[in-house]
Amino acid sequence: MKYQPPGRPGSPVDVAPRYENFIGGKWQAPSTGQYSVDLCPATAKPLCEVPKSGAEDIELALDAAHSAKDAWGEASTAQRAAVLNKVADAIDAHREELAVAESWDNGKPVRETLAADIPLAADHFRYFAAAIRAEESEITEIDKDLIAYHFHEPLGVVGQIIPFNFPLLMAAWKLAPALAAGNTSVLKPASPTPWSILKLMEVVGDILPPGTVNVVGGPGAEIGKALATNKRIAKVAFTGETTTGRLIMQYASQNIIPVTLELGGKSPNIFFNDVAAADDDFLNKAVEGLVLYAFNKGEVCTCPSRALIQEDIYEEFMGRCLERIRAIKQGDPLDTETMIGPQVSKQQIEKIASYVEIGVKEGAELLTGGHRPTVGGEFTDGYFYEPTVLKGHNKMRVFQEEIFGPVLAVTTFKDEAEALEIANDTLYGLGAGVWSRDTRRTYRMGRAIKAGRVWTNCYHQYPAGAAFGGYKVSGIGRETHKMMLEHYSQTKNLLVSYSDKPLGLF
Amino acid sequence: MPENGTVGRVTATRAARRAIAALCASRGGPVMFVQSGGCCDGSDPMCFPGGELALGDGDMLVGVVEGCTFHTDAAQYEALGRPFYVLDVEEGAPGGFSLAAGDGLHFVTRVKAPRKQTS
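Respectively, the protein sequence lines represent chains G and L. So the first sequence is residues 1 to 506, counted in UniProt numbering. So the second sequence is residues 1 to 119, counted in UniProt numbering.
As structure tokens, then:
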């Protein structure tokens, strides 16, 4: 089926001409009085106006977050969990509306937002609602009369900066653990996708106590910096580009606050020859596993953008994969048959096109794609790029640099040792995939690959409960797991003596 | 080799040089460029106020454009085959915490064919 675009008759989503910041539970115009135009990537046409805020708006949001933090931090875990569960219920109840809004703002196909982004966002709030209820403080008996109590306390007000590729899911990944642990948040959405999070606030704004979540939109150089450098935040969490990640750590060092970072990747996806040992469901699954580089148009930090295929099955296996890639349906992101939508912005397609050109100049062989497709109709000017495959070797730039588009770099390997060497020959260490029917081999590979998540005989699954984060320059911290609660908590130790006896030193 | 008022392995188009000059004039001082890598806004040059990013031993100076330094991570530079960068400007907002190259514009780097050198 096809959904009508937001704002048109029959669409599940309405669009106001202009949106404001969400601060202290209210919609507030930016202090700058300025707005920018949010473009729909599928049509390259204006969607609405969004705030182009300034540093003053960050201060207003921090005022609201600080005024809310004591009551929220002192609320019982049952009370906080109840709010998170209501947020999850509201997201579920508005699944279609949020999925369509997300697809139209970002370009990702609605089949993905309906099946993954929105249900996973709701599930994330439920997971952390459960995790915080189950969390216990620890008591250590140092000796018979000396007891160490360890309490988890909220940090206070945290700053959270999220990327454009999963605007709502990344918001959920950041907000759910922060709120569960008793913190309040000032959140800055990414400039290319400022709108869907505001639609989420329309849905959940009344459920959240005023000031617990504050959303301020605008340029990173001004409000991102104003937030990350602010002395009134107790922690900063960021997902995005590596240099900005470094800058955020630097700012945090000046205020001596913790950071969690999720940065880039160039994830290997390794296919051993035994995947083709039989023409069965598993082989079919492995073929899809390779084609998943086109998931979310390749705009994923963990995009399996380097495929490593054992040389003796290369022709047969890649043949099947290319057939599947050529069958990818590209077009209207609001058509549930569409598998790949437009890239998020004009900048992205230009960057992708330049990388494909670099790859071909470096001697890579273009196996499929490599052009902007003609989609036609109202999508003529949309930011579409064909699913593309380049064959080459791991020293090429297209194997080393994250393209953030539907471009796969494929190469071959002789044996397990060479596969491992190529897999680890990268600056990044976020994700990896290993495919084989031999579980001893997948275990050895999984342990030896230097990446935070090694999908084994699967890829691109992001369930709450499985820790996600990077090795090497891919970041610090583990999201989507209850261990994230530690990243949003202080430990308070009460060391209590129940003895009447003095130490005897003075 | 110096080219268009730049030194090192980075040059700039006329549009980029105009944008840098205007940015420096409006800010009253130089800016710095850091070639990024990875994730959403990766592969774009980040443009910060001069001195904003604390540089470490792992960073190298690629060149100087219009009096503004251009840096990159040395390991990344090697991994990418020691590219030769050309700074340019394009439409669209900058990524990360990068300064804009003017209203509605951002800096980009184009890459000339890698020149592998034996060292």
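Every residue, glycine too, gets a C-beta built ideally from N, C-alpha and C. Model, not experiment: these values are computed from the prediction.
Proximity of residue i and residue j at Cβ, strictly below 7 Å
| i | j | result |
| --- | --- | --- |
| Thr-374/G | Lys-266/G | no |
| Thr-72/L | Gln-35/L | yes |
| Gln-76/L | Gly-104/L | no |
| Ala-68/G | Thr-212/G | yes |
| Thr-77/G | Arg-126/G | no |
| Cys-48/G | Asp-57/G | no |
| residue 512/G | Leu-60/G | No statement about residue 512/G is possible, as the shown extent of chain G runs from 1 to 506 and does not include it. |
| Ile-197/G | Ala-171/G | yes |
| His-152/G | Glu-138/G | no |
| Lys-188/G | Ile-223/G | yes |
| Lys-297/G | Pro-210/G | no |
| Phe-33/L | Lys-225/G | no |
| Ile-352/G | Tyr-385/G | yes |
| Trp-27/G | Thr-184/G | no |
| Gly-469/G | Gly-452/G | yes |
Straight-line gap, residue i to residue j (C-alpha atoms, nearest Å)
| i | j | result |
| --- | --- | --- |
| Ala-122/G | Ala-419/G | 38 Å |
| Asn-230/G | Ala-181/G | 21 Å |
| Ala-101/L | Ala-16/L | 8 Å |
| Glu-135/G | Leu-227/G | 30 Å |
| Leu-485/G | Val-291/G | 34 Å |
| Asn-106/G | Gly-341/G | 9 Å |
| Phe-107/L | Thr-11/L | 13 Å |
| Asp-431/G | Glu-402/G | Note on identity: in this sequence residue 431/G is Gly, with Asp being the wrong assignment. So the alpha carbons of these two residues sit roughly 13 Å apart. |
| Ile-20/L | Gly-8/L | 17 Å |
| Ser-36/G | Leu-494/G | 50 Å |
| Gln-250/G | Ala-54/L | 7 Å |
| Pro-12/G | Arg-111/G | 15 Å |
| Ala-93/G | Leu-114/G | 12 Å |
| Asp-500/G | Ile-142/G | 16 Å |
| Glu-365/G | Phe-84/L | 23 Å |
| Pro-94/L | Val-50/G | 16 Å |
| Arg-8/G | His-460/G | 33 Å |
| Lys-492/G | Ala-178/G | 17 Å |
| Asn-214/G | Ile-161/G | 12 Å |
| Lys-116/L | Gly-81/L | Note on Lys-116/L: pLDDT 49, under 50, position unreliable in the model; the coordinate value appears next. Using only the alpha carbons, I get a separation of about 6 Å. |
| Gly-10/G | Arg-18/G | 21 Å |
| Val-186/G | Val-158/G | 6 Å |
| Asn-284/G | Leu-208/G | 44 Å |
| Thr-118/L | Asp-88/L | Bear in mind that a pLDDT of 40 at Thr-118/L, under 50, signals an unreliable position, so the number given afterwards is only what the model happens to contain. Rounded to whole angstroms, Thr-118/L to Asp-88/L spans 28 Å at the Cα level. |
| Gly-220/G | Ala-327/G | 38 Å |
| Gly-156/G | Ala-64/G | 12 Å |
| Leu-505/G | Lys-235/G | 40 Å |
Beta strand (DSSP E) segment containing residue i, residue limits
| i | result |
| --- | --- |
| Cys-40/G | 35 to 40 |
| Asp-73/L | 68 to 73 |
| Tyr-149/G | 146 to 154 |
| Asn-21/G | 21 to 23 |
| Ser-436/G | Counting along the chain, Ser-436/G falls outside any beta strand (DSSP E), and DSSP gives it neither H nor E. |
| Ala-237/G | 235 to 239 |
| Pro-46/G | 45 to 51 |
| His-106/L | 105 to 112 |
| Cys-47/L | 45 to 49 |
| Gln-28/G | 26 to 28 |
Contacts of residue i in chain L (Cβ-Cβ under 9 Å)
| i | result |
| --- | --- |
| Leu-427/G | Gly-37, Gly-38, Asp-73, Ala-75, Gln-76, Ala-79 |
| Arg-453/G | Here the premise fails: no neighbours, minimum Cβ distance about 15 Å. |
| Ser-191/G | Ala-93, Pro-94, Gly-95 |
Alpha helix (DSSP H) segment containing residue i, residue limits
| i | result |
| --- | --- |
| Lys-86/G | 77 to 93 |
| Trp-72/G | 55 to 74 |
| Trp-173/G | 167 to 180 |
| Lys-346/G | 346 to 361 |
| Ala-252/G | 242 to 255 |
9 Å Cβ cut-off: residues of chain G touching residue i
| i | result |
| --- | --- |
| Arg-9/L | Simply none; closest approach about 15 Å. |
| Met-46/L | Glu-241, Thr-243, Thr-244, Leu-247 |
| Glu-53/L | In the sequence on display, residue 53/L carries Leu and not Glu. What Leu-53/L touches in chain G: Thr-243, Arg-246, Leu-247, Gln-250. |
Proximal residues of chain L, C-beta to C-beta of residue i below 8 Å
| i | result |
| --- | --- |
| Pro-219/G | Ala-93, Pro-94, Ala-100 |
| Arg-397/G | Leu-80, Gly-81, Pro-83, Val-111, Pro-114 |
| Ile-358/G | Val-111 |
| Ser-354/G | Arg-110, Val-111 |
Contact list for residue i against chain G, beta-carbon separation under 7 Å
| i | result |
| --- | --- |
| Phe-84/L | Per Cβ cutoff of 7 Å: no residues; Phe-84/L is ~12 Å from chain G at best. |
| Val-34/L | Thr-243 |
| Phe-97/L | Gly-220, Ala-221, Gly-224, Lys-225, Thr-244, Leu-247 |
Within chain L, the residues that residue i reaches when beta carbons sit closer than 7 Å
| i | result |
| --- | --- |
| Lys-346/G | Glu-91, Gly-92 |
| Glu-401/G | Gly-37, Ser-43, Leu-80 |
Quiz item: Would you call the stretch 246 to 258 of chain G and the stretch 378 to 397 of chain G touching, i.e. three or more CB-CB distances under 8 Å?
Solution: Because the criterion of three Cβ pairs below 8 Å is not met, the stretch 246 to 258 of chain G and the stretch 378 to 397 of chain G do not touch.
Quiz item: Do the stretch 272 to 285 of chain G and the stretch 302 to 316 of chain G make contact, defined as three or more Cβ pairs closer than 8 Å?
Solution: Taking one beta carbon from each stretch, the stretch 272 to 285 of chain G and the stretch 302 to 316 of chain G have 3 or more pairs nearer than 8 Å; the two touch.
Quiz item: When the Cβ atoms of the stretch 185 to 197 of chain G are set against those of the stretch 162 to 171 of chain G, are three or more pairs found closer than 8 Å?
Solution: Cβ pair count under 8 Å is three or more, so yes.
Quiz item: How do the stretch 332 to 340 of chain G and the stretch 106 to 119 of chain G stand: do at least 3 beta-carbon pairs fall below 8 Å, yes or no?
Solution: The stretch 332 to 340 of chain G, when compared against the stretch 106 to 119 of chain G, does touch it at the 8 Å Cβ threshold.
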